[in-house]
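This report concerns only the one structure given below.
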Amino acid sequence: MARQHPRFAPRRRHQHVTPASQGASSPLRLLEAELHRLTQRTRELKAALQQAHHRIQHAEQEAQAQRDAQLLALRETVHTLYERLHTQIQQEHAFWQSRLRRPLASTWLAFFFGSIIGDHRTETVIHAYRERCLRQQNTPSAAVRELTRKLHQTERLLHRIQQQPLQESKQLRQARSEAFELTRHLNAVERQMQTIRLKLVELRIRQS
């Protein structure tokens with residue numbers, strides 16, 4: 192086959208290399224693309240972290256409200272028990288005072304009490320009766336003892352809850368755990384971005 196003259200032979204298409212096409216996959220462009228991606232990721236992490244902090248704040252407010260409601264209920268219980276105890280003591284004191292003011296008001300009571308102590312002499316019966324009334328007056332009744340027990344028990348519970356730190360709910364623990372993980376991830380991404388920025392500075396200095 193005859194060889195074609197170079198003038199009429201089909202020309203080869205020479206690809207013109209532009210700086211844009213030359214740098215499409217250069218380290219500089221790759222680093223810039225990675226920095227852009229990490230910047231977007233940082234925005235996402237910061238938004239998620241802000242939401243987690245909002246959930247933490249909401250959970251803390253709920254926990255504080257529950258604690259305040261519990262303390263208020265216990266304070267009201269203490270107040271109610273104190274009033275009941277005070278009333279009970281007053282009633283019992285009034286009862287025994289009335290017995291002391293009117294000792295042995297009837298003959299049958301004197302005879303009955305005299306039979307208990309084994310002595311029916313009037314002075315002896317009156318003296319023994321007064322001593323018994325005073326002893327009963329100074330001895331807390333079963334009702335007073337029970338009210339006192341409940342009062343002290345409630346006061347101890349109130350004091351213990353006041354001294355304890357705020358109890359974490361399940362939602363609060365989850366929100367704090369999520370915020371911790373997001374913060375850790377965000378710090379890692381920001382360190383990675385800082386490394387890329389330093390590399391970009393070095394590459395631009397070399398190319399300048």
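Following the numbering used here, the numbering of the sequence shown begins with 192 at its first residue and continues without gaps.
Using N, Cα and C, we set each Cβ at its ideal position, and we do this for glycine too.
It should be emphasised that the depicted structure is a prediction, and the values quoted were computed from it without experimental measurement.
Reduced DSSP secondary structure (H/G/I, E/B, other) of Thr230: helix
Best match in Pro218, Thr230, Leu338 and Lys237 for proximity to Ala370 [C-alpha to C-alpha]: Lys237
Under three-state DSSP, which class holds Glu346? helix
Using alpha carbons as the reference points, say which of Ile352, Ile247, Ala285 and Gln398 lies closest to Ser368. Ile247
Residue range of the alpha helix (DSSP H) that includes Gln362: Lys361 to Gln398
Which of the three DSSP states is assigned to Ser289 in this structure? helix
Could you check how far apart the C-beta atoms of Leu226 and Arg382 are, in whole angstroms? I think they sit under 8 Å. About 13 Å separates the two Cβ atoms, so there is no contact after all.
Please state the DSSP three-state secondary structure of Leu222. helix
What did DSSP end up calling Thr271 once you bin it into helix, strand or coil? helix
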